[in-house]
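Residue -6 is where the sequence shown starts when you use our numbering, and the numbers rise one by one after that.
All residues carry an ideal CB built from backbone N, CA and C; glycine is no exception.
Okay, structure first, notes after.
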Amino acid sequence: MLQTHRSRFCYQIGFFIVRWQILKASDSRTAA
């Protein structure tokens, strides 16, 4: 149970990082 909770937590963090990277990339593209 703890293992699945930890993996889900890591998945959420990874998804947040990917979304932030895409947001940053789109921001720099519009600014350029």
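Rounded C-alpha distance that separates residue i from residue j
{"i": "R1", "j": "V11", "result": "15 Å"}
{"i": "Q14", "j": "T(-3)", "result": "26 Å"}
{"i": "I6", "j": "R(-1)", "result": "11 Å"}
{"i": "S21", "j": "F9", "result": "18 Å"}
{"i": "C3", "j": "A18", "result": "22 Å"}
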